[in-house]
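Down below is the structure, laid out as structure tokens.
Residue numbers (the working numbering): 317 to 599.
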């Protein structure tokens, strides 16, 4: 007969006919270990421990699954709350699909501007303009070189500084338009080109002018007669010019004007204002 006894929390197996000091309970008595009446066959029962371990693992797994479900539910709740809180900071708006670096549409370049005049339909061509009453009229063509004559008249001088009025007069029988700065080239008496640098003075904005037959536009010219490092080392500024070749705005051909103002220093530097209405400054 096999008797099972427990001592200090450990299950033991003893083989004896009548183990001493065992409490008989059904077929599971208790015996103190190392009893002189028991035989030494002692073993730890692994089955109960394995069962307890298995139950513990299953319990932990169940708890983990329950916690995961609770956490998932909490995340979903947070997501739902976040979606509901979004309108608190203002309603969501959909931005247009635009590229701030995209090129502007043709004709919308904010940096573009006419070099000499507002529009350039071509030399000698006409453009349609709508007046304040809504009627359409044809604007005059741009002034060609053949339609203009050039002349020079002196203006008040200062110490070492010279000024003159360059006048362009419409010598044709029809009105024409002009706008901007003239091109300039100094020439000697034999027709040789002299060093000339034309500098556009933009202190006054150019305006479009309509010249009826006989009407004029003028530009102020400014230069110096004081030699600089750009001139000859002997203190002179080269030969005196005899003529000034004038190229009207947006033209290629030149018309001459007599030059009677002596030398131009600074390697022929002449500053010019844009054309204005009239034949010179008002008295």
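The beta carbon of each residue, even a glycine, is placed where N, CA and C say it ideally should be.
*Would you mind stating whether residue 480 and residue 469 have Cβ atoms separated by less than 8 Å?*
yes
_Give me the residue from 465, 482, 528 with the minimum Cα distance to residue 456._
528
*So residue 508 is in the beta strand (DSSP E); what residue range does that whole segment cover?*
No beta strand (DSSP E) contains residue 508, which DSSP labels as neither H nor E.
*Give the DSSP bridge partners of residue 534, in chain order.*
483, 592
*Measure the CB-CB distance between residue 531 and residue 592 and report whether it falls below 8 Å.*
no
*Determine, using beta carbons only, whether residue 512 and residue 594 come nearer to each other than 8 Å.*
no
*Excluding five sequence neighbours on each side, which residues of the same chain lie with their C-beta closer than 8 Å to the C-beta of residue 570?*
461, 499, 501, 561, 562, 563
*Starting from residue 583, follow the alpha helix (DSSP H) in both directions and report where the run begins and ends.*
581-584
*Where DSSP assigns a beta bridge to residue 574, which residues make up the other side?*
559
*Which of helix, strand or coil does DSSP assign to residue 501?*
strand
_residue 581 to residue 495 span [Cα, whole Å]_ = 28 Å
*What separation, rounded to the nearest whole angstrom, lies between the Cα atoms of residue 574 and residue 478?*
16 Å
_Simplified DSSP assignment, three categories, for residue 474_ = strand
*Taking Cβ positions, are residue 545 and residue 553 nearer each other than 8 Å?*
no
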